[in-house]
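Trainee: Would you mind keeping the following structure in view while I ask a few things?
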Amino acid sequence: MNLHDNHIVLLGNIVSKQNQIRYFADGTAMLPLEVITKRKWRDSQGSWQEHSNYFSVTLLGNDAENAVANASAGQGIYVRAQIRQLQSQATTGKDTLQAQQVKLIPKSTAINWNQAHLVGTVVKHSELVQTINGIDLLTLELDVSNLDDKTIHTAVKLKGATAKYIANQLAQENAPKLAMVEGTLSGQSKKVGDSFNHQYWVEGHTCVLS
């Protein structure tokens, strides 16, 4: 197992309309895309509910050059990516998902995946608190940097029995600090000038300390 690892798998649809390729000074191609995934479920009254998440995905090199001709709003897309931070750790809200594997789907898709897997060192954690609905909540900050990266810290929110179990473990002396997390990716966007800054966190379904 790698000491630090983060990978995100998304299946959704492209929503950005102006998808233009750009090039770094060294000639590497870059294609930024905005992707939406949706989650549908029935509430306690049996009514359908829907929640959408929007993500900024960056394609590089051959992936960018191969995708640009067909990347259009409404296009279905499968992405395997890693969370990256575009600026230093001192600047928040500048996250992106750097694609490692991309597959365009000929039509838009009503089937959506959002899967997040993290392995990282716990560098900070909150106290166990309760939401307004009385659900236990614990927030972890994980270092998920790779050897060639600058420091990348990602927030993980745990709820319910998982939050209580991990909080109890962290309260013990010499508690293990390596966390393995499975969940879904969430985020928020803030408009700054003519662009949006993205900040992501993982809603952890399962967490194990090792």
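Each residue of the sequence shown is one higher than the one before, starting from 107 at the first, in our numbering. Think of the CB as a built atom: it goes at the ideal place given N, C-alpha and C, for glycine as much as any other residue. Bear in mind the structure is a predicted one, so any value in this text is a computation, not a measurement.
For the alpha helix (DSSP H) containing Ile272, list its first residue and its last residue.
Mentor: It spans Gly266 to Leu276 - the alpha helix (DSSP H) in which Ile272 sits, taken as one unbroken run.
Trainee: DSSP on Val314, reduced to helix/strand/coil?
Mentor: Val314: strand per DSSP, three-state reduction.
Trainee: Counting only runs of 3+ residues fully inside the stretch 195-260, write out the beta strand (DSSP E) ranges in chain order.
Mentor: Correct list: 201-211, 219-231 and 242-249.
Trainee: Suppose the cutoff is 7 Å on Cβ atoms and the five residues either side in sequence are ignored; what does the same chain contact list for Ser232 look like?
Mentor: Once the five neighbours on either side are set aside, the close Cβ partners of Ser232 are Leu244 and Thr245.
Trainee: Can Gln204 and Arg186 be called in contact, C-beta distance under 7 Å?
Mentor: Contact: no.
Trainee: Can you give me the Cβ contacts of Asn112 inside the same chain, cut-off strictly under 6 Å, excluding the 5 residues immediately before and after it?
Mentor: Gln188, Ile189, Leu224 and Val250, listed in sequence order.
Trainee: Looking at the unbroken beta strand (DSSP E) that takes in Asp111, where does it start and where does it end?
Mentor: Counting along the chain, the beta strand (DSSP E) containing Asp111 begins and ends at Asp111 to Ile120.
Trainee: Would you say Leu315 and Ala269 are within 7 Å of each other, going by their C-beta atoms?
Mentor: No, these two residues do not count as a Cβ contact at 7 Å.
Trainee: At least one CB of chain B closer than 7 Å to the CB of Leu139: is that the case?
Mentor: The displayed structure is made up of one protein chain only, and chain B is not part of it.
Trainee: What would DSSP say about Gly293, mapped onto helix, strand or coil?
Mentor: Gly293 falls in the strand class under three-state DSSP.
Trainee: State the Cα-Cα distance for the pair Phe302 and His157, rounded to the nearest angstrom.
Mentor: Phe302 and His157: Cα-Cα distance of roughly 20 Å.
Trainee: With a floor of 3 residues, list each beta strand (DSSP E) that falls wholly inside the stretch 117-194, ordered by position along the chain.
Mentor: Correct list: 135-148, 154-166 and 182-191.
Trainee: Do Lys146 and Gly182 have their beta-carbon atoms positioned less than 7 Å apart in this structure?
Mentor: Result no, Cβ atoms of Gly182 and Lys146 do not sit closer than 7 Å.
Trainee: CA-CA distance, Pro282 and Asn220?
Mentor: For Pro282 and Asn220, the distance between alpha carbons rounds to 28 Å.
Trainee: Identify the residues that DSSP records as bridge partners of Asn303: which are they?
Mentor: For Asn303, which the question treats as bridged, DSSP gives the partners Lys296.
Trainee: Check the C-beta distance from His222 over to Thr290 and give it rounded, since I have them as a contact under 8 Å.
Mentor: The amino acid occupying residue 222 in the given sequence is Ala; His does not appear at that position. With 8 Å as the limit, Ala222 and Thr290 qualify as a contact, their Cβ atoms being about 6 Å apart.
Trainee: Return yes when the Cβ of Gly180 is within less than 7 Å of the Cβ of Thr143, no when it is not.
Mentor: No.
Trainee: Applying the 10 Å Cβ sphere with the 16-neighbour rule, what's the burial state of Gly161?
Mentor: Correcting the residue identity first, residue 161 is Phe in this sequence and not Gly. That one is buried.
Trainee: Do you know how far the Cα of Leu234 is from the Cα of Gly240?
Mentor: Approximately 12 Å, taken between the alpha carbons.
Trainee: Looking at the strands, I want to know which residues DSSP matches up with Lys263.
Mentor: Lys263 pairs with Thr245 and Glu309.
Trainee: Taking the DSSP output, what are the residues bridged to Glu288?
Mentor: Answer by DSSP bridge pairing, in chain order: His223 and Thr312.
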